[in-house]
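This report concerns only the one structure given below.
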Amino acid sequence: MDNRSIGVFDSGLGGLTAAKEIMKLFPNESIVYFGDTGRVPYGTRSKDTIIKYTHGDIRFLLSHNVKMIVIACGTASSAALPHIREDYDVPIYGVVDAAVYEAVRVTKNKKIGIIGTSATIRSGAYTKYIKEYDSRMQTFEHACPLFVPLVENGHFDTKVTELLIEEYLSDIRDAGVDTLILGCTHYPLLAGAISRFMGSDVTLISPGGEVAKFLRKKLTDELRHDDIPDKNQYKFFVSDSIEQFEELGSIFLEKTIDGQVSKIDIEKY
Ligand code: DGL
0 MDNRSIGVFD SGLGGLTAAK EIMKLFPNES IVYFGDTGRV PYGTRSKDTI IKYTHGDIRF
60 LLSHNVKMIV IACGTASSAA LPHIREDYDV PIYGVVDAAV YEAVRVTKNK KIGIIGTSAT
120 IRSGAYTKYI KEYDSRMQTF EHACPLFVPL VENGHFDTKV TELLIEEYLS DIRDAGVDTL
180 ILGCTHYPLL AGAISRFMGS DVTLISPGGE VAKFLRKKLT DELRHDDIPD KNQYKFFVSD
240 SIEQFEELGS IFLEKTIDGQ VSKIDIEKY
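With numbering that gives the first Met the number 0 applied, the sequence shown has no gaps in its numbers, which climb one by one up to 268 at the end.
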C-alpha cells in the first residue's frame, strides 16, 4: 500500500478540473494541490519561463513526498513536460496525451478543434499527437489568451464570456468540427457557455478529466497499486491570495475548502 499523496499542479484554479475527477475516481487517494496563483497566467510566457516555473512547482510537490505528479495545466504539459520528464524519479503525467486519446476516440468526422493558451497553441503539441494517432485527422486551433483571467475572476458565464467565445471560436465552429479539446484546464469552467455556442452535437473534451481517467491504469499497473489507502487527505497550496482560491475553488469542487488552503513562497523551490 502506498499512502503517499498524488501531487497536482496548475497555474491557478484550472487544475481543479483534474483534482475533482481524481477525487471522484479515487476517493481514497490523498492529493496535494498547488495553484501558482502568484504567477498566473503561464500561457503568455516564453517556453523557458514555463519550464522554470514547472521545475519549481514539481520541486515543491516533491517536498511533500508525493508518489506521482499530474501536470494539470495544458501549457506546462505542452511547453515544458517534453523537456523535463527525464529529470525526476517519480512518474509525471501531463494532460495532452490523455485529451488527445479521448478526442481521437470520439470524433466521427475526424475534424477536431483545439483551443488553448498562446504558449500551448504555439507548441503545436495537441495537433502533433493527434496526427501521430491518425494522420487523416484535421485540426483547427485557436489561442484564447483572455479565457484564463476570466476564469480566475469568476466570469464563468457572463456577457463578457459570451463575447470572447464568439470572437475566439467562430472559425472553429464554422469549420464543422464535431469534437473540441478544451486544451487549457481552466476552460472547462466555461463549458456551459462554450457548449451553447458550439452546439450540442459538438463533444467537449476536458483534459483534466481525461488525465484522471488515464491514471486509473497507471495506479494499478505501473505502481502495482492494488491496495487502496485507508483514508484521504486533501491539501491545497497557492502562491498568492488564499481567499479568492478558497471561494472559487469551493464553488467549483462543490465542497468547501475553507481553512484547507495555505500560501507558500514558490520562489524558494
Ligand atoms: N490551466 C492552465 C492551462 O491548462 C492555464 C495556463 C495559464 O496560466 O495561462 O494551460
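Idealized CB from N, CA, C, for every residue including glycine.
May I ask which residues mark the beginning and end of the alpha helix (DSSP H) holding Ala-142? No alpha helix (DSSP H) holds Ala-142; the beta strand (DSSP E) holding it covers 137 to 142.
Would the segment 108 to 126 count as touching the segment 134 to 145 if we require 3 or more Cβ pairs under 8 angstroms? yes
Only counting the same chain, and skipping five residues up and downstream in sequence, which positions put a Cβ closer than 6 angstroms to that of Met-67? Ile-5, Val-89, Pro-90
For the putative contact between Thr-184 and Thr-202, defined by C-beta atoms under 8 angstroms, what is the C-beta separation to the nearest angstrom? That belief does not hold up - the Cβ atoms of Thr-184 and Thr-202 are roughly 17 angstroms apart, past 8 angstroms.
Could you tell me which uninterrupted beta strand (DSSP E) segments, each at least 3 residues in length, are contained entirely in the segment 101 to 135, listed from first to last along the chain? 110 to 115
Check whether the segment 159 to 167 and the segment 37 to 55 are in contact - that is, three or more C-beta pairs closer than 8 angstroms. no
Nonlocal neighbours in the same chain, by C-beta distance under 7 angstroms from Leu-60, ignoring five residues either side: Gly-6, Phe-8, Val-31, Phe-33, Ile-68
Give a yes or no on whether the minimum CB-CB distance between Ser-205 and chain B is below 7 angstroms. Looking at the structure shown, chain B is missing, and only one protein chain is on hand.
Per DSSP, what kind of secondary structure is Lys-23 in: helix, strand or coil? helix
Using 8 angstroms as the Cβ pair cut-off and three pairs as the minimum, do the segment 19 to 28 and the segment 189 to 199 touch? no
On the CB-based measure, 16 or more other CB atoms within 10 Å of its CB, does Ala-174 come out buried or exposed? exposed
Beta-carbon within less than 6 angstroms of Ser-76's beta-carbon, same chain only, minus the 5 sequence neighbours each way: which residues are those? Ile-70, Gly-93, Val-94, Val-95
Let me confirm a value: Glu-101 is counted as buried when at least 16 other C-beta atoms fall within 10 Å, else exposed. Which label applies? buried
Is it the case that the CB of Leu-248 approaches a heavy atom of the ligand DGL more closely than 6 angstroms? Note on residue identity: the sequence assigns Gly, not Leu, to residue 248. Checking the Cβ of Gly-248 against the ligand DGL gives no.
If I measure Cβ to Cβ from Tyr-167 and keep anything under 6 angstroms in the same chain, skipping five residues before and after, which residues do I get? His-141, Cys-143
Unbroken stretches of the alpha helix (DSSP H), 4 residues or longer, contained in the segment 156 to 240: 158 to 173, 190 to 197, 206 to 219
Compute the Euclidean distance between the alpha carbons of Thr-43 and Thr-74, then round it to the nearest angstrom. 9 angstroms
Using DSSP bridges, identify the partner residues of Val-89. For Val-89, which the question treats as bridged, DSSP gives no partner whatsoever.
Pick from His-63, Gly-112, Thr-48, Gly-11 that is closest to Ile-83, judged by C-alpha positions: Thr-48
Leaving out five residues on either side along the sequence, give the residues of the same chain with a beta carbon under 8 angstroms from the beta carbon of Asp-200. Asp-177
Please name the residue in Leu-12, Gly-14, Asp-35, Arg-3 whose C-alpha comes closest to that of Asp-264. Asp-35
Rounded to a whole number of angstroms, what is the C-alpha to C-alpha distance between Asn-27 and Ser-169? 42 angstroms
How would the residue list near the ligand DGL read, in chain order, if you kept each one whose beta-carbon is closer than 5 angstroms to any heavy atom? Asp-9, Ser-10, Gly-13, Val-39, Pro-40, Tyr-41, Gly-42, Cys-72, Gly-73, Thr-74, Thr-116, Val-147, Cys-183, Thr-184, His-185
How would you label Glu-151, buried or exposed, when you count the other beta carbons within 10 angstroms and need 16 or more for buried? buried
Neighbourhood of Asp-86 by C-beta distance below 8 angstroms, restricted to the same chain and skipping five residues each side: His-54
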